Each structure stands twice: as C-alpha cells, then as structure tokens.
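Trainee:
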Amino acid sequence: MNTPNFSVFDPAALSQLSQQFSQAFNPQFLQQLSHVADPNVFLGLLNPSAQKQGGAAGLGDLGISLDPAALEKLQVEYTQRLSALWQDMLAARIPAIADRRFSAAAWQGNPVYAFNAAAYLLNAHFLNAMVEALDAPPKMKRKIGFTVQQMIDAMAPSNFLATNPVAQQKIVETNGESLTRGISQMLADMHKGRVSQTDESAFEVGVDVATTEGAVVFENDLFQLIQYQPLTPKVYQRPLLIVPPCINKFYIMDLQPQNSLVRYAVEQGHSVFLVSWRNADESMAHTTWDQYIVDGAIRAIRAAQDISGQDKINTLGFCVGGTILSTALAKLAAEKDNPIASLTLLTALLDFSDTGILDVYIDDMQIRMREQAIGHGGLMPGREFGSAFSSLRPNDLLWNYVESNYLKGEQPAAFDLLYWNADSTNLPGPMFCYYLRNMYLDNSLKDAGKLTVGGQKIDLGKIDAPTFIYASREDHIVPWTSAYASASLLNPKKPKQNRFLLGASGHIAGVINPPAKKKRSYWTNEKIAKDAETWLAAAVEHPGSWWTEWAEFLSGHAGKQVAAPRKLGNATYGVIEPAPGRYVKVRAE
Numbered sequence: 086m087n088t089p090n091f092s093v094f095d096p097a098a099l100s101q102l103s104q105q106f107s108q109a110f111n112p113q114f115l116q117q118l119s120h121v122a123d124p125n126v127f128l129g130l131l132n133p134s135a136q137k138q139g140g141a142a143g144l145g146d147l148g149i150s151l152d153p154a155a156l157e158k159l160q161v162e163y164t165q166r167l168s169a170l171w172q173d174m175l176a177a178r179i180p181a182i183a184d185r186r187f188s189a190a191a192w193q194g195n196p197v198y199a200f201n202a203a204a205y206l207l208n209a210h211f212l213n214a215m216v217e218a219l220d221a222p223p224k225m226k227r228k229i230g231f232t233v234q235q236m237i238d239a240m241a242p243s244n245f246l247a248t249n250p251v252a253q254q255k256i257v258e259t260n261g262e263s264l265t266r267g268i269s270q271m272l273a274d275m276h277k278g279r280v281s282q283t284d285e286s287a288f289e290v291g292v293d294v295a296t297t298e299g300a301v302v303f304e305n306d307l308f309q310l311i312q313y314q315p316l317t318p319k320v321y322q323r324p325l326l327i328v329p330p331c332i333n334k335f336y337i338m339d340l341q342p343q344n345s346l347v348r349y350a351v352e353q354g355h356s357v358f359l360v361s362w363r364n365a366d367e368s369m370a371h372t373t374w375d376q377y378i379v380d381g382a383i384r385a386i387r388a389a390q391d392i393s394g395q396d397k398i399n400t401l402g403f404c405v406g407g408t409i410l411s412t413a414l415a416k417l418a419a420e421k422d423n424p425i426a427s428l429t430l431l432t433a434l435l436d437f438s439d440t441g442i443l444d445v446y447i448d449d450m451q452i453r454m455r456e457q458a459i460g461h462g463g464l465m466p467g468r469e470f471g472s473a474f475s476s477l478r479p480n481d482l483l484w485n486y487v488e489s490n491y492l493k494g495e496q497p498a499a500f501d502l503l504y505w506n507a508d509s510t511n512l513p514g515p516m517f518c519y520y521l522r523n524m525y526l527d528n529s530l531k532d533a534g535k536l537t538v539g540g541q542k543i544d545l546g547k548i549d550a551p552t553f554i555y556a557s558r559e560d561h562i563v564p565w566t567s568a569y570a571s572a573s574l575l576n577p578k579k580p581k582q583n584r585f586l587l588g589a590s591g592h593i594a595g596v597i598n599p600p601a602k603k604k605r606s607y608w609t610n611e612k613i614a615k616d617a618e619t620w621l622a623a624a625v626e627h628p629g630s631w632w633t634e635w636a637e638f639l640s641g642h643a644g645k646q647v648a649a650p651r652k653l654g655n656a657t658y659g660v661i662e663p664a665p666g667r668y669v670k671v672r673a674e
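Residue numbers (the working numbering): 86 to 674.
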C-alpha cells in the first residue's frame, strides 16, 4: 500500500470559513455547529479545491490576510506530520495521544481508532495554527478563533457513535441496553431543550439546596429579601447584605451546608440579608436597568438598614450583582448618602475594557438585533444564557455529556453546582439590552458622569467605603485582570481602602471554596499596583480558601457584637414565608 497524497490547505479554505464569519455571528450560528455529524468535514475544509461560494465575503472584505510564506510553512508541516501518522498506522504503531477524550484502552489499543483520533487532533492543531497566523483585527481574530474552536470541538470523533469505540464496546457489553438508555435520555433532553449535566431529580430547592434557615421579610415585583436565622448567641451590629447575580439563582451562594457562603457568614456571627431576584415573566417585560437599581438594590439596602436599626451596613455583590450594587451605591453617593461600612465585590466587572471570551457575543449589530426584538418589551430567555456559557467550555459542559449520556447511556451523577447551573433565569429585555450596550459595548460605567441612573449621574469614584475585591485566576467570564481594574475606579483618593485578593480556579469554583475542604489556593499583596500583572508579581500564594481572609475583613467593619435577635424582621417588615421563598423556586422552562 502506497502513501496517499494528502490534501493541503490553502486560502480557499479560509475563504470558505470567512463566508460563515461574515454572517454576523448570529445567536443561531453556534447552535447550527452542534448539528455537524461528520468528523471528515475537517479534511474538506483543508481541501485546496474548495472554491469560494458566489456572493461570499472574501478575507479582504473582513480585514483579514494571511502571509503566503506562513501558509506555505504550515502546509509543509501539516503534510509531513499527516504522512508520518499514516505510516505509523500502516506499521500498526499506536500514536501518542495525550487528550483525555481518547485515553480509554478502546482508543489506544486499535490502530484505526487511534489514527482517527490522532488525525482529528492534528487537523485541530493546524486549524488553530491558521487562525494564529492570520493578520486580522483583534476582535475579529478572537471571533474567528472562537468559531473555529466550536467547530473543532463539535467534530471530535468521540461525539459520534460511528467513530467512538468506547460507546460501541459498551453496546456489546450491555447487549444494547446502553444504546436504549442513551436514546431515552436524548429524547428526554430534547423535550427539556437542553443537555442534562446532573441528576436533577436528586435535588429540590429548599430541601437539598438553599437550606440555610431564614425567612422572607420583604418582597416587591423584583425581588424577595431573605433574612437568615442567627446561628450564634451574639451577632455583629452591622448586617451583611448580599446582592447575587440576577442571571441564575441566588443559591449558588447557599448550595448545601458544607459549601454555603451564606451559612459560613452566619456562622461567623453576621446578620445576613440576601436578595432573591424574581425569575422574569411577561409581567416584567418592560422592566428597566434603573428599576433593578432603585427598586432592587437600593430598596434592599433600605430594608436591611431599617430591620437592623443601623445607618451603615456591609454589602457584597457577586458577578452582575456587583455591577448592580456598585451602580446603586454610586447613585446614593451622588445624593450625598453613604449607607455602607464596607463593600465586597466577587468576580464582578466595573471596567468592561476586556470581557474575555464573552466578547465574541458582543458587537453593535448583535445588540441592535436584541434591541429590536426585546429592547422595548420582552424577555431574554434563560436557556440562551445557558447555551452561551456552555459554548465557552463546550467539551466540559456539552460534548462530555453528549458522549456519556447518549452514546454510553450513563446517567449523570448528582452534583449540586450543575443542578444550579441548569436552573436558569429569564431577564427583562429592556434591562438586558441596556446592560449589554452601556456596559459591555460602550463601557460607560467606568467613566464618571457618562451614565444617568434614577436621575443621578453615576461616578463610581464617589463611593467611599473600605472595599474587598476578589477575582478568580482562571475565570473565563470575568477575567481577573478586569476585576482588578475596579481597584482604580473605587476610592481613587483613598487607595489604601481597597484590598484585592486573587483565588485559584474559575468563576464559580474559585468563589465557592469553603475552608473545611482545604482545596486550592489564593494570592495576596497588600499594595495595590498600577496594573494587575505587577500586583501578581509581588503577591504571595497561600494554600486553602480565601474565605478566612474575607471573614477577617468583614468582621473589622461589622461593629461590636450584640445579642442575636430572637425574631426575624420587625414591626414594619414582618415574616412573609420561610426561606428560600417562592421566587427562587420559579423555573424558566
């Protein structure tokens, strides 16, 4: 058998891809990629005979070029490596495959399957190399790279029964039972409209998650306010108000007792209040960003002040909740009102200069489409948030479950964090569109006086309070360097009031890291440097959880300890219902 003449790739392949890139990266495009079912499409993309389709935008039309010398170098290297791989297969030599998707013996023990996996990885490598070699505007290059990676991940041979030897072997071992279960689970997920990541029957909100004792003591059309039952004989005078993100449910901060940040704070002797945002329905279709600030965050601050009898309270905002909380505090500062003793921001953006990979979803045309559809009334469906976030880590959050649930017929394990991840929330269209345009696209929040909210010009620099800023080093939603930028926006005349701390892991796992587990690590540097990398270069790494550092900060601003209240609420704010309340139990199906 002779070595075949392999196709090499050329600009025609990129021209074919550019037709897709010029389609404005509409929200349906990435969903369409998930329907690709033939891994050999890779070789088609690399085929020099591929011709530019009539009417397609060329590379030059998109401001993209590729150095012919760089392309020729890639062509030569690709052909050499693919030829060597073919020779290995002819000699029954198993190629070295480090990718965990192909680590099972069924992949490694068969030359044909091993070749298929290795060829896929080789094609993936050179598609990414082509993207890196492009001379293109940074944002366009990031979009191209993101889209190509989506295609690469979708086409993995592990995703298809015909090319997955592990799944085939399981069918034989179970006499077809795994295939039957897989089809059943796939049909159930099609009915739900999403891929199951966990055994959702293992959890119930208020029974297995969101179980910290407390009561709803206030509610309006936007949120319920939960006050938690003290767990210590004495509590600090100044309470802590937590403003979680309105994307997803609040109980990421109160999963189970052993990993609940809420319960941890209560156990440290703090009186804790928490905003439980309403899952938006048609009655909220015209709700605005200003309402989330005034009727949401500020109303919660007033209630916590009134119930505790304290002029100043401690506050914490997580992710989008941090953006909402900071905007509310800036509005109050413009009115000469400073209701806080401290501010904690967890993986929150105030400066949207660099939004990481989420940037691929943000441009003027996409936002205009959203504004036309829902900007003047309507809902942003929670399932679209789930699809977007899954696309940021598709192998971990999508294809892994396609293989295990459908091809192998395995039932997902019970995992509280993934149960929460699937419990999505809708947002009002006007509020969401305002947030996209003014924060992500125009980055207006960081500029003093550029935004007006509730009749007041917003200037983050007027917020006057000790501030604890936390970021996660591997965060793909809020890059840690962008979270660090908040230190230059807050307390500009009192920089020593700011403290920044960096934790290991990602957006959620880095935050939800209880001390008892003794996992991960974090970095500290008391001096706020001009830029994030300079700060990190002088930072000290510590083993374990950052929660203990935050607890020390919080107690330093919580006032003296007093006897814990016997009843929740007060004469004005009576108990409405037990925690976690009704709002958090409404699902966005």
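Ideal Cβ placement from N, Cα and C applies to all residues, glycine included. Note that the coordinates shown come from a computational prediction; the quantities given were computed from them, not determined experimentally.
May I have the straight-line CA-CA distance separating residue 185 from residue 480, to the nearest angstrom?
Mentor: 11 Å
Trainee: In its own chain, which residues sit with a C-beta less than 7 Å from the C-beta of residue 519, not counting the 5 before and 5 after it?
Mentor: Around residue 519: 373, 374.
Trainee: What does DSSP give as the partner residue(s) for residue 537 in the beta ladder?
Mentor: 542
Trainee: If you follow the beta strand (DSSP E) that residue 401 is part of, which residue opens it and which one closes it?
Mentor: Looking at the DSSP string, the run of the beta strand (DSSP E) that includes residue 401 is 398–403.
Trainee: Comparing alpha-carbon positions, which option in 547, 553, 587, 540 lies nearest residue 559?
Mentor: When only C-alpha atoms are compared, the closest one is 587.
Trainee: What three-state label does DSSP hand residue 646 in the structure shown?
Mentor: strand
Trainee: Where DSSP assigns a beta bridge to residue 583, which residues make up the other side?
Mentor: 552
Trainee: What is the DSSP secondary structure of residue 187, reduced to helix, strand or coil?
Mentor: helix
Trainee: Strictly by DSSP, which residues pair up with residue 627?
Mentor: DSSP lists 607 as partners of residue 627.
Trainee: Kindly identify the DSSP beta-bridge partner or partners of residue 312.
Mentor: 300, 358
Trainee: With a Cβ-Cβ cutoff of 7 Å, do residue 361 and residue 654 count as a contact?
Mentor: no
Trainee: How many angstroms separate the CA atom of residue 329 from the CA atom of residue 217?
Mentor: Those two C-alpha atoms are separated by around 38 Å.
Trainee: Taking the continuous alpha helix (DSSP H) assigned at residue 392, which residues delimit it?
Mentor: Taken as a continuous stretch (DSSP letters only), the alpha helix (DSSP H) holding residue 392 covers 384–393.
Trainee: Hey, is the stretch 495–506 in contact with the stretch 278–286, meaning 3+ C-beta pairs nearer than 8 Å?
Mentor: yes
Trainee: With H, G and I counted as helix, E and B as strand and the rest as coil, what does DSSP make of residue 432?
Mentor: coil
Trainee: Helix, strand or coil: how does DSSP classify residue 513 here?
Mentor: strand
Trainee: Taking the alpha carbon of residue 196 as the reference point, which residue from 189, 173, 183, 211 has its own alpha carbon closest?
Mentor: 173
Trainee: Using the beta-carbon count (16 or more within 10 Å), is residue 133 buried or exposed?
Mentor: Low confidence applies to residue 133: its pLDDT is 36, below 50, so where it sits in the model is not reliable enough to give any reading.
Trainee: With distance defined between alpha-carbon atoms, name the residue in 156, 511, 401 nearest to residue 85.
Mentor: There is no way to answer for residue 85, as the model of the chain reaches only from 86 to 674.
Trainee: Helix, strand or coil for residue 128 per DSSP?
Mentor: With a pLDDT of 33 at residue 128, under the threshold of 50, the modelled position of that residue is not reliable, and no figure is offered here.
Trainee: Would you check if the distance between the CB atom of residue 327 and the CB atom of residue 538 is smaller than 7 Å?
Mentor: Contact flag unset, no.
Trainee: If the criterion is Cβ atoms closer than 7 Å, does the pair residue 267 and residue 491 meet it?
Mentor: yes
Trainee: Can you name, in chain order, every residue of its own chain whose Cβ lies under 6 Å from the Cβ of residue 671, other than the five neighbours on each side?
Mentor: 364, listed in sequence order.
Trainee: Taking the CB atoms as reference points, tell me whether residue 447 and residue 413 lie closer together than 7 Å.
Mentor: no
Trainee: Alpha carbon to alpha carbon, how far is residue 529 from residue 342?
Mentor: 39 Å
Trainee: Given a cut-off of 7 Å, decide if residue 297 and residue 347 are closer than it, judged by their beta-carbon atoms.
Mentor: yes
Trainee: Taking all protein chains shown into account, decide if residue 367 is buried (16 or more other Cβ within 10 angstroms of its Cβ) or exposed.
Mentor: exposed
Trainee: In the DSSP assignment, find the unbroken beta strand (DSSP E) run with residue 658 in it and report its ends.
Mentor: From DSSP, residue 658 is part of no beta strand (DSSP E); its letter is neither H nor E.
Trainee: Assuming residue 263 and residue 531 form a contact by the criterion Cβ under 8 Å, report the distance between their Cβ atoms to the nearest whole angstrom.
Mentor: Beta-carbon to beta-carbon, residue 263 and residue 531 are separated by about 53 Å, too far to satisfy the 8 Å threshold.
Trainee: Please name the residue, chosen from 651, 579, 568, that lies closest to residue 437 on a Cα-to-Cα basis.
Mentor: 568
Trainee: Within 8 Å, do at least three Cβ pairs link the stretch 587–599 to the stretch 541–558?
Mentor: yes
Trainee: Could you check if residue 272 is buried or exposed, using at least 16 other CB atoms within 10 Å of its CB as the buried criterion?
Mentor: exposed
Trainee: Alpha carbon to alpha carbon, how far is residue 473 from residue 199?
Mentor: 32 Å
Trainee: Is the distance from the Cβ of residue 675 to the Cβ of residue 566 below 7 Å?
Mentor: Absent from the model: residue 675. The displayed extent of the chain is 86 to 674, so no value can be given.
Trainee: Quick check on the burial criterion: 16 or more other C-beta atoms within 10 angstroms. Buried or exposed for residue 275?
Mentor: By the neighbour-count criterion, in which 16 or more other beta carbons inside 10 Å mark a residue as buried, residue 275 falls on the exposed side.
Trainee: With DSSP run on the structure shown, which of helix, strand or coil describes residue 294?
Mentor: strand
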